[in-house]
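Heads up, the sequence shown is in my numbering, so the first residue is 495 and it goes up one at a time.
I have placed the structure first, in the form of structure tokens, so that the comments after it can refer back to it.
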Amino acid sequence: MLPIEQFHPLAVHFPIVFTLLLAVFDGSMSLRGISIGGRTAIANVSAGIALCAGASAAIAFAFGDLALDVAVSKGTPLSVLEMHEEFGKITAGVIFAWAVVRSMIWWRHITLSKHLSWVVVTIQIAIAGLILTTAYFGGQLVYEFGIGVSANLPPT
495 MLPIEQFHPL
505 AVHFPIVFTL
515 LLAVFDGSMS
525 LRGISIGGRT
535 AIANVSAGIA
545 LCAGASAAIA
555 FAFGDLALDV
565 AVSKGTPLSV
575 LEMHEEFGKI
585 TAGVIFAWAV
595 VRSMIWWRHI
605 TLSKHLSWVV
615 VTIQIAIAGL
625 ILTTAYFGGQ
635 LVYEFGIGVS
645 ANLPPT
């Protein structure tokens, strides 16, 4: 079985994909003049993607917290991990909160005007930028510091 710290790198791809997909999906629907609010088929798909993004962000955050503890216990200085950790907390919280907002829009049958749809899309693009920034700092941990990477040593 995989060590617990290896679940974070597996889990982080889901909120990244769902967040980017949500921004692209809602942006393309808004460009076509299709409402992303209410209970239409498009709104159902959009709300579902938002819920998947929120749930997967919470899971990735939980595994990231465990991975941080393991990295610190193996001697990684906390100062190296802090930037990604802070962005991870903020990103997970924002995505989860946005999933709640999108769920409420769906639950209460709120139909969004064209102007309000573009506000929603703009917020989602900003959230996509936030998650990409978080991913960049996570990539730095792997590629520059070798955090969570096992040495591939030849057999003795």
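Where is the CB? At the ideal position from N, CA and C, for every residue including glycine.
Counting Cβ pairs closer than 8 angstroms, one from the segment 514 to 521 and one from the segment 531 to 543, do we hit at least three? yes
Evaluate V595 with the Cβ neighbour count: other Cβ atoms within 10 Å of its Cβ, from every protein chain shown; 16 or more gives buried, anything less gives exposed. exposed
Pick out whichever of A591, E576, M495 has its Cα sitting closest to the Cα of T628. E576
Under the three-state reduction of DSSP, which class applies to L496: helix, strand or coil? coil
Inter-residue Cα distance where the pair is L572 and G532: 45 angstroms
Just to confirm the assignment, what range does the alpha helix (DSSP H) spanning T616 have? 608 to 637
Can you give me the Cβ contacts of V643 inside the same chain, cut-off strictly under 7 angstroms, excluding the 5 residues immediately before and after it? V636
Over the uninterrupted alpha helix (DSSP H) stretch that includes K583, give me the two end residues. Note, K583: alpha helix (DSSP H), 572 to 601.
Report yes if the CB atom of G587 is closer than 8 angstroms to the CB atom of H502, and no otherwise. Contact check for G587 against H502 fails: the beta carbons are separated by 8 angstroms or more.
How is T534 classed by DSSP in three states: helix, strand or coil? coil
Where do the N-terminal and C-terminal ends of the alpha helix (DSSP H) with S522 fall, by residue? 507 to 525
Compute the beta-carbon to beta-carbon distance between W600 and A537, rounded to the nearest angstrom, for a pair I have assumed lies under 8 angstroms. Their Cβ separation, rounded to whole angstroms, is 6 angstroms, which keeps W600 and A537 in contact under 8 angstroms.
Take L606 as the anchor and find which of S529, A593, V506 has the nearest alpha-carbon. S529
On a Cα-Cα basis, can you pick out the residue from A554, G623, I619 that is closest to L504? Minimum Cα distance to L504 is reached at A554.
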